[in-house]
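Residue numbers (this note's numbering): 195 to 534.
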């Protein structure tokens, strides 16, 4: 089942439901007081920076970004990132280096909402437009759209999926978030917490961060299992957390006995759904994030008009629907058939 979630996201200077739509607006100046440059013709160079390289999710973002550039005349994407989502300082330095190299636009996912807000301000003060993918900043400037998932609503659904998986009666569950201080982590935490409130039979007995590292996720899951022998379910909120939790359950002989709801759709996670090790996945659309964000940035650079924020949607993947063509199209996106 694929759904387009109606997120309340920033749309220019007003907050509106994305499902109602909103028009692009002309940038009259950035949140930092700069005047945006318009480059009506000639080559465009865009920096696209993930939270970290080396993960299937971010590689899919890269493919989407490069696909968009390949279908547009005179557009070049420069892709680079740190190797760990916890390397906030490294990402700041990388982004500042791109600004020094005078890229025409900056598309990036913030590793820390508050720290990276200054980078956005610096870019806007240099008249360089910014689009955030997946994760924005705090504060989020009105003229910096976010292309990403409605994490709160999707995480509420994850709680529903976990409740359905463990069944009626009292159950102990655990939550493995990933990186404190990131918008996506905080939103998923808020959504999952709100979702649990609808299921009083579920008792949250453990919350441990994976730091977006599968080895850390393995270790914290082992700790959770040791401390909570009656555990019935786990929600892991991103790819590294899911991979680590899956391995820990396998090593403990708990695969399938403890229900696991995951997030993202890496090949290892998809195999987990097929085998029954993972009950369900909340799969984002990273290819679309990269594809649509680059297209939007090109429009901004060419015209001086900023696009509204976009909810790029999620798909809930289970054993029952994993072979559906629409689900497979999300799991295996193609530049030959990019998002419409």
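Ideal Cβ positions, reconstructed from N, Cα and C, are used throughout, including at glycine.
For residue 288, the enclosing alpha helix (DSSP H) begins and ends at 282-294.
Leaving aside the five residues that flank residue 270 on each side, the residues in its chain whose CB is nearer than 8 Å to its CB run, in chain order, 237, 238, 239, 240, 263. Runs of beta strand (DSSP E) with 3 or more residues, each lying fully within the segment 387-471, are found at 396-401, 425-430, 453-457, listed in chain order. According to the DSSP assignment, residue 512 belongs to no beta strand (DSSP E), since it is labelled neither H nor E. About 6 Å separates the beta carbon of residue 452 from that of residue 427, a gap short enough to meet the 8 Å contact definition.
Comparing C-alpha distances from residue 472 to each of 297, 256, 449 shows the shortest one belongs to 449. DSSP places residue 326 in no alpha helix (DSSP H) but in the uninterrupted beta strand (DSSP E) bounded by 324-327. A straight-line Cα-Cα distance of about 10 Å links residue 515 and residue 468. Within 10 angstroms of the beta-carbon of residue 407 lie 16 or more other beta-carbons, which makes it buried.
Beta-carbon to beta-carbon, residue 303 and residue 319 are separated by about 21 Å, too far to satisfy the 8 Å threshold. Ranked by Cα distance from residue 291, the first of 280, 305, 317 is 317.
In this structure, the CA atom of residue 387 is about 18 Å from the CA atom of residue 475. Nearest to residue 344 by alpha-carbon distance, out of 446, 333, 506, is 506. For the pair residue 297 and residue 495, the Cα-to-Cα distance works out to about 11 Å. Assigned with DSSP and collapsed to three states, residue 486 falls in helix. Around the beta carbon of residue 306, 16 or more other beta carbons sit within 10 angstroms, so the residue counts as buried.
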